[in-house]
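Residue numbers (our numbering): 52 to 214.
Taking it in order: structure first as structure tokens, then the write-up.
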């Protein structure tokens with residue numbers, strides 16, 4: 052149910068309930084991201100638990116904790132790390148949107164969303180006041196997406212050794 056709820060509406064509801072500020076914006080982003088991280092982590096663990104080497108380790112008598120630390124976590128963590136880098140891009144956009152709407156970070160604390168919102172009054176006179184923070188948001192999101200793609204290529208065992 053949480054995954055089907057629009058994330059911006061969820062974040063607006065959380066921030067409207069708790070109030071504006073850095074802590075509440077961070078909490079809204081965290082609450083928004085938690086179900087997706089839980090879903091991908093659970094899926095990875097279930098996938099790994101069904102593999103033959105886990106069955107072989109159970110047959111040999113490897114303890115539960117050793118199996119978790121030796122076999123399951125090392126294979127489940129890389130996709131979650133890639134997912135985290137891709138989610139950072141969405142978190143940046145969510146924070147910028149909340150701050151742009153006046154529900155996120157409040158002045159005098161810096162926020163790209165605040166800078167875009169304050170610069171929209173000067174678009175005809177000084178367009179750089181709004182466009183530079185917008186370009187910074189775009190470059191940060193692009194950077195995290197490229198980082199996630201590169202980590203996916205580096206950490207995926209099926210792609211190792213390919214160029």
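Beta carbons are placed, not taken as given, at the ideal position from N, Cα and C, and that holds for glycine.
The segment 95-103 and the segment 127-137 touch, with no fewer than 3 CB-CB distances between them shorter than 8 Å.
Sorting 58, 55, 76, 61 by C-alpha distance to the C-alpha of residue 154 places 76 at the top.
The alpha carbon of residue 57 has as its nearest neighbour, out of 206, 131, 86, 70, the alpha carbon of 86.
Listed in chain order, the beta strand (DSSP E) runs fully inside the segment 130-160 amount to none, counting runs of at least 3 residues.
Counting every other CB atom within 10 Å of its CB across the protein chains shown gives residue 146 a total of 16 or more, marking it as buried. Note that the C-beta distance between residue 140 and residue 195 is below 7 Å.
For residue 76, the uninterrupted alpha helix (DSSP H) run begins and ends at 73-100, by DSSP. Distances from the alpha-carbon of residue 94 to those of 114, 149, 122, 131 put 131 closest. Of the residues assessed, residue 164 falls on the buried side of the cut-off, its CB having 16 or more other CB atoms within 10 angstroms. Residue 80 counts as buried, since no fewer than 16 other beta carbons sit within 10 angstroms of its beta carbon. One Cα belongs to residue 157, the other to residue 66, and the distance between them is close to 12 Å.
In the three-state DSSP reduction, residue 184 falls in the helix class (H, G or I). In this structure, DSSP gives residue 125 a helical state, which the three-state scheme calls helix.
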